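Protein chains in written order, with the UniProt record's numbering: chain A, 1 to 201; chain B, 1 to 201. A short worksheet on the structure shown next.
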């Protein structure tokens, strides 16, 4: 039935959009018909941007962030503090941290967290590379900026157990109330951590 | 700042995804990083599907639905009831109506509705072509299946005024309570229309 009323290239495009995360069948249809209605240039620009990303992007062999050139601009930037490594789950976290303006050190991207349920063990992440990197050129501090949830906490513990014997300082960002948030709406775990981590003014 | 931490092809892809309807900056980043992580084949399939839609899809010269071949499969299907034309706003509506299995006639796609605020007058829609089509080969009935909102209603009135003098029956689908809906949650306009359109059992 569908093949009759939806032309095959359109059905194909709806299928492909539907494979993207968070895109259901209705959204996929909307996106496909948007492409149909849009200028040819806009559609070609999107298609080319997709292909270009796959062709030109590699992983930095030092920090495993995505980059056009290996080593990446951050790893080869002599202006940055090379005595601190911030460990994150994915490239988007690097963007978020750098946007704060509070951090000027190096990064190390794990590309995931430990998750036994999904079959993701230490070998699937860049943990071995992190330990080797710390051994080869020990930094003053390694910040484990993993998401504050069960998987992130477990991964941080696992990494800390391997780094602490090497004599480096290992830290995690503070957990607490989000700035601009409302104390009465904070969940009890967050509020508990905020209390436990209280600081003198 | 952004150019430093986000490789240029990735920033470009985020920009392009951000032009899609309903895709904000955060979603655009998510989609871009999904493409980065996904198999090369999946990314290429999406890019090719986008290009193919722009290359192979045309508008049917009779009903203005999107199609690979002109006339479209619906207009050239001799099994369908050629005495009824259902007028819709966009190609997605054709898919939705055909999926009901309740309609086996022909279609006419306007590609929009009258919206003076957005500068969309009758010349921007396929209304002239509809009138010419009805004049050339008068059907028994024209169903104006436009969305039941202000623009849809106004467009239906505008079209009806041009078709009624030609002696065809012009109808609109019933407005009323959605099947499976809850009477107490229906808005007052819908409930009012449902009452006004009540039918004997």
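We put the beta carbon where it would ideally sit given N, CA and C, even for glycine. Remember, predicted model here, so these are calculated numbers, not experimental data.
Under the three-state reduction of DSSP, which class applies to residue i: helix, strand or coil?
{"i": "residue 18 of chain B", "result": "helix"}
{"i": "residue 105 of chain A", "result": "strand"}
{"i": "residue 2 of chain B", "result": "Legend: pLDDT at residue 2 of chain B = 41, less than 50; position of this residue unreliable, value from coordinates given subsequently. The answer is helix: DSSP assigns residue 2 of chain B an H, G or I state."}
{"i": "residue 190 of chain B", "result": "helix"}
{"i": "residue 202 of chain A", "result": "With chain A covering 1 to 201 only, the question about residue 202 of chain A has no answer from this structure."}
{"i": "residue 155 of chain A", "result": "helix"}
{"i": "residue 120 of chain B", "result": "strand"}
{"i": "residue 62 of chain B", "result": "coil"}
{"i": "residue 8 of chain A", "result": "helix"}
{"i": "residue 23 of chain A", "result": "coil"}
{"i": "residue 88 of chain A", "result": "strand"}
{"i": "residue 141 of chain B", "result": "strand"}
{"i": "residue 170 of chain B", "result": "strand"}
{"i": "residue 29 of chain B", "result": "helix"}
Answer yes or no: do residue i and residue j have a C-beta to C-beta separation smaller than 8 Å?
{"i": "residue 25 of chain A", "j": "residue 66 of chain A", "result": "no"}
{"i": "residue 95 of chain B", "j": "residue 108 of chain B", "result": "no"}
{"i": "residue 150 of chain A", "j": "residue 106 of chain A", "result": "no"}
{"i": "residue 97 of chain B", "j": "residue 112 of chain B", "result": "no"}
{"i": "residue 175 of chain B", "j": "residue 197 of chain B", "result": "yes"}
{"i": "residue 131 of chain A", "j": "residue 164 of chain A", "result": "no"}
{"i": "residue 145 of chain A", "j": "residue 114 of chain A", "result": "no"}
{"i": "residue 194 of chain B", "j": "residue 177 of chain B", "result": "yes"}
{"i": "residue 78 of chain A", "j": "residue 110 of chain A", "result": "no"}
{"i": "residue 30 of chain B", "j": "residue 148 of chain A", "result": "no"}
{"i": "residue 82 of chain B", "j": "residue 104 of chain B", "result": "no"}
So, under 8 Å CB-CB, residue i and residue j are touching, yes? Tell me the CB distance rounded to an integer number of Å.
{"i": "residue 159 of chain B", "j": "residue 84 of chain B", "result": "Actually they are not in contact, since the Cβ atoms of residue 159 of chain B and residue 84 of chain B sit about 15 Å apart, beyond 8 Å."}
{"i": "residue 19 of chain B", "j": "residue 8 of chain A", "result": "With 8 Å as the limit, residue 19 of chain B and residue 8 of chain A do not qualify as a contact, their Cβ atoms being about 25 Å apart."}
{"i": "residue 169 of chain B", "j": "residue 140 of chain B", "result": "6 Å"}
{"i": "residue 50 of chain A", "j": "residue 46 of chain B", "result": "6 Å"}
{"i": "residue 64 of chain A", "j": "residue 129 of chain A", "result": "7 Å"}
{"i": "residue 183 of chain A", "j": "residue 134 of chain A", "result": "38 Å between Cβ atoms; not a contact."}
{"i": "residue 10 of chain A", "j": "residue 23 of chain B", "result": "The Cβ separation is near 19 Å, so there is no contact."}
Determine which residues of the UniProt zinc finger region "C4-type" (60-75) of chain B have a Cβ less than 9 Å from any Cβ of chain A, and write them out in chain order. 65, 66, 67, 68, 69, 72, 73, 74
Could you tell me whether the region 26-36 of chain B touches the region 49-66 of chain B, using the rule of 3 or more Cβ pairs below 8 Å? Verdict: no, contact absent.
The region 130-149 of chain A: which residues have C-beta closer than 9 Å to a C-beta of chain B, in chain order? none
Contact residues within the region 116-131 of chain A, judged by C-beta distance below 9 Å to chain B: none
Please identify, using Cβ separations under 7 Å, the residues of the region 45-61 of chain B that lie next to chain A, in order along the chain. 45, 46, 47, 49, 50, 51, 52, 53, 54, 56, 57
Using Cβ-Cβ distances below 8 Å, what residues of the region 170-181 of chain A are close to chain B? none
Could you list the residues in the region 5-19 of chain A with a C-beta less than 7 Å from some C-beta on chain B, going in chain order? If the cut-off is 7 Å between Cβ atoms, the region 5-19 of chain A has 5, 6, 7, 8, 9, 10, 12, 13, 16, 19 near chain B.
Select from the region 79-95 of chain B all residues with a C-beta closer than 9 Å to any C-beta belonging to chain A, and list them in chain order. Close to chain A, meaning a Cβ-Cβ distance shorter than 9 Å, are the following residues of the region 79-95 of chain B: 90, 91, 92, 94, 95.
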